[in-house]
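To start, the structure itself, in structure tokens.
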Amino acid sequence: MLNHSIRVGFSFGLTSGIITTLGLMVGLSSSTNSKLVVIGGILTIAIADAFSDALGIHVSEESENKHTTKEIWESTLATLFSKFIFALTFVIPVLLFNLVTAQIVSVIWGLAMLSIFSYSMANLQKENPWKVVGEHVMIALVVIVLTHYVGDWIAATFS
Numbered sequence: 000m001l002n003h004s005i006r007v008g009f010s011f012g013l014t015s016g017i018i019t020t021l022g023l024m025v026g027l028s029s030s031t032n033s034k035l036v037v038i039g040g041i042l043t044i045a046i047a048d049a050f051s052d053a054l055g056i057h058v059s060e061e062s063e064n065k066h067t068t069k070e071i072w073e074s075t076l077a078t079l080f081s082k083f084i085f086a087l088t089f090v091i092p093v094l095l096f097n098l099v100t101a102q103i104v105s106v107i108w109g110l111a112m113l114s115i116f117s118y119s120m121a122n123l124q125k126e127n128p129w130k131v132v133g134e135h136v137m138i139a140l141v142v143i144v145l146t147h148y149v150g151d152w153i154a155a156t157f158s
């Protein structure tokens, strides 16, 4: 089992990596219909947002003033690497399939990973796993739907 610091970073990185990347993919795909743009967006998220989230966790953990320097860096690095790796996994479907299929595969992949992680986390915390999974999947679906429509709006407005 992971220690608290690594679990904090990993859970944040995984969740953010999935939801942010899916939102970006769907929005960019809806607005541009370009594999190049979607892949560029995913790589940007994997690098820039992973570092940004890692710094955010670092500062947040420091501000609590109850963690050792080692614990702070464990959370920071776990966030960085989990966000980077999970975001990068979404490049694979875009490389292998047409953009519509890649989006479907990515949504299924992302929601499956989020569900498995949420279920596992709920069990560890002795909470109702289906309630936790449902809540997390619902939030992800809201992001996906909203970014799809924002992408459509951008395409219609600025094309």
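Numbering (this note's numbering), first residue to last: 0 to 158.
C-beta: ideal position from N, C-alpha, C; glycine also.
Three CB pairs or more closer than 8 angstroms across the segment 55 to 64 and the segment 74 to 90: As far as the Cβ criterion goes, the segment 55 to 64 touches the segment 74 to 90, which means the pair count is three or higher.
Taking Cβ positions, are residue 142 and residue 22 nearer each other than 8 angstroms? Residue numbering aside, residue 142 sits at position 143 when the sequence shown is read from its first letter. Residue numbering aside, residue 22 sits at position 23 when the sequence shown is read from its first letter. Yes, Cβ-Cβ distance for residue 142 and residue 22 is below 8 angstroms.
Could you tell me whether the segment 40 to 51 touches the segment 114 to 131, using the rule of 3 or more Cβ pairs below 8 angstroms? Touching, no.
With C-beta atoms as the reference, is residue 29 less than 8 angstroms away from residue 147? Taking the first residue of the sequence shown as 1, we reach residue 29 at position 30. Taking the first residue of the sequence shown as 1, we reach residue 147 at position 148. In contact: residue 29 and residue 147 (Cβ atoms closer than 8 angstroms).
For residue 20, which residues from the same chain have a beta carbon less than 7 angstroms from its beta carbon, with the 5 sequence-adjacent residues on both sides left out? Mapped onto the sequence shown, residue 20 falls at position 21. Listed in chain order, the non-local C-beta contacts of residue 20 below 7 angstroms within the same chain comprise 41, 44, 86, 89, local neighbours out to five positions each way being set aside.
With distances taken between CB atoms, is the gap from residue 98 to residue 149 smaller than 8 angstroms? Position 99 of the sequence shown, counting from 1, holds the residue named residue 98. Position 150 of the sequence shown, counting from 1, holds the residue named residue 149. It is not a contact, given that the beta carbons lie outside the stated cut-off.
Using 8 angstroms for Cβ pairs, my map puts residue 82 next to residue 15. What's the rounded Cβ distance? As a first step, residue 82 is located in the sequence shown; it is residue number 83 there, counting from the start. As a first step, residue 15 is located in the sequence shown; it is residue number 16 there, counting from the start. The distance from the Cβ of residue 82 to that of residue 15 is about 6 angstroms, consistent with a contact at the 8 angstroms cut-off.
My assumption, with CB atoms under 8 angstroms, is that residue 109 sits in contact with residue 17. Please give the rounded CB distance. One-based indexing of the sequence shown puts residue 109 at position 110. One-based indexing of the sequence shown puts residue 17 at position 18. By a beta-carbon distance limit of 8 angstroms, residue 109 contacts residue 17. Their separation comes to about 4 angstroms.
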